[in-house]
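In this text, residue positions in the sequence shown follow this note's numbering: the first is 307, and each later residue adds one. Here a beta-carbon is modelled for each residue, glycine too, at the ideal position from N, C-alpha and C. Note that the structure is predicted; figures quoted are calculated from it, not measured.
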Amino acid sequence: MHTHTEIINIKTLKVILIRIFLFFLLLGSCCLFQALEHLKPSDNCLVGKAPENRDKNRYRDILPYDKTRVAIGENQDYINASYIRTQVGAEEFFYISCQGPLPSTVQAFWQMIWENKSDVISMMTQEIERGRIKCHKYWPEKLGVPLNTGRYQLHLENQQYLEYFHIKIIRMVETETGETHFVRHLKFTHWPDHGVPHCSEQLVRFIRYLRAVHHKGPVTVHCSAGIGRTGVLICTDIILSLIERDFDIVKEMRLQRHGMIQTKEQYLFCYKVWLEVLQGILQFHDCI
Numbered sequence: 307m308h309t310h311t312e313i314i315n316i317k318t319l320k321v322i323l324i325r326i327f328l329f330f331l332l333l334g335s336c337c338l339f340q341a342l343e344h345l346k347p348s349d350n351c352l353v354g355k356a357p358e359n360r361d362k363n364r365y366r367d368i369l370p371y372d373k374t375r376v377a378i379g380e381n382q383d384y385i386n387a388s389y390i391r392t393q394v395g396a397e398e399f400f401y402i403s404c405q406g407p408l409p410s411t412v413q414a415f416w417q418m419i420w421e422n423k424s425d426v427i428s429m430m431t432q433e434i435e436r437g438r439i440k441c442h443k444y445w446p447e448k449l450g451v452p453l454n455t456g457r458y459q460l461h462l463e464n465q466q467y468l469e470y471f472h473i474k475i476i477r478m479v480e481t482e483t484g485e486t487h488f489v490r491h492l493k494f495t496h497w498p499d500h501g502v503p504h505c506s507e508q509l510v511r512f513i514r515y516l517r518a519v520h521h522k523g524p525v526t527v528h529c530s531a532g533i534g535r536t537g538v539l540i541c542t543d544i545i546l547s548l549i550e551r552d553f554d555i556v557k558e559m560r561l562q563r564h565g566m567i568q569t570k571e572q573y574l575f576c577y578k579v580w581l582e583v584l585q586g587i588l589q590f591h592d593c594i
């Protein structure tokens, strides 16, 4: 049986080992991110560059790969969005990564949601940041006041404002058939552009809620460009699910949408979240 002093020493040793592990993890991850920066695009973006599609892109230099782009409608129409799939064993992580809708792409955005039967939209940006428009307001704002977007009528069924994210339940109705589809719109409100949240616990709770309410289709994630904060959310979600597995998540994402996770700080933040989850697991076992 361990004495009280021995238990304290064991806990102290665990903390020291975790901190040493974090030091080498962050040191190594800096080198890994530098290597990722030199990773060349894995495919062409010819569809996104086509003259008829240029006005559908929020940023001229951020385009989806042709092989992973989301095509909508019978004519395979263009939207700046990519499928992100990561297969680990029998488990598949499936997302749509896209830019924040423009006024001219709102209808296409909701058509994408409908056709893919996505039941969760994760919005990681504000509409306006630092005086610049980052995303057009594409959802219904008031109960009982539907928003018409071409083929679909959007009804706000319920909404809830939490400390660091907002929840909206939206009922989509296809006007021709009357068929319905429910979507949960989650807006994370504590994330600076090109930066990382001050507290990773908020993002972890947000992701756990996202998982709890996601039941079918890909999770649709967007920020403004659809690569920075969007990439961090997807990477962190997978890390939380694969906490004990070794998998090159970011490289896998970048092979499907160029530039996923924009800055070294965002890349390191994914690892810090991982560490905090590990520390939480350790504290839980210490209390048993």
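CA-to-CA distance, residue j to residue i, given in whole angstroms
i: G441; j: E397; result: Sequence check: residue 441 is Cys here, not Gly. Roughly 32 Å between the two C-alpha positions.
i: N350; j: L449; result: 43 Å
i: Y573; j: P446; result: 34 Å
i: G437; j: T569; result: 22 Å
i: D361; j: V583; result: 42 Å
i: Y515; j: N363; result: 30 Å
i: L369; j: K578; result: 29 Å
i: L581; j: Q508; result: 15 Å
i: G379; j: Y470; result: 35 Å
i: V620; j: Q465; result: No information on residue 620 is available, as it lies outside the stretch 307 to 594 that the chain covers here.
i: P498; j: C505; result: 12 Å
i: V538; j: G484; result: 37 Å
i: K474; j: N359; result: 30 Å
i: V376; j: L453; result: 24 Å
i: H487; j: Q382; result: 22 Å
Buried/exposed call for residue i, threshold 16 Cβ in 10 Å
i: Y494; result: Per the sequence shown, the amino acid found at residue 494 is Phe instead of Tyr. So F494 ends up on the buried side.
i: L352; result: exposed
i: V451; result: exposed
i: Y384; result: buried
i: H496; result: exposed
i: C576; result: buried
i: R366; result: exposed
i: A414; result: buried
i: I434; result: exposed
i: L468; result: exposed
i: V455; result: Here residue 455 is Thr; the residue named in the question, Val, does not match the sequence. Buried, because 16 or more other Cβ atoms sit within 10 Å of the Cβ of T455.
i: Q393; result: exposed
i: T481; result: exposed
8 Å Cβ cutoff met for residue i and residue j
i: Y401; j: I540; result: yes
i: Y458; j: V489; result: no
i: G523; j: D425; result: yes
i: M430; j: H520; result: no
i: A387; j: S403; result: yes
i: I427; j: H472; result: no
i: K502; j: L546; result: It should be pointed out that residue 502 corresponds to Val in this sequence rather than to Lys. No, Cβ-Cβ distance for V502 and L546 is not below 8 Å.
i: M559; j: I439; result: no
i: I419; j: T526; result: yes
Nearest-angstrom beta carbon gap, residue j and residue i [assumed within contact, 8 Å]
i: R517; j: T374; result: Contact flag wrong, Cβ pair sits at about 23 Å.
i: I567; j: G534; result: 7 Å
i: G406; j: S530; result: 5 Å
Identity of the residues DSSP links to residue i by a beta bridge
i: Y458; result: T455, E480
i: V489; result: I476
i: I544; result: Per DSSP, none; premise fails for I544.
i: V527; result: S403, S428
Check: residue i C-beta below 7 Å from any heavy atom of the ligand GTP
i: I439; result: With respect to the ligand GTP, the structure offers nothing, as it holds no ligand at all.
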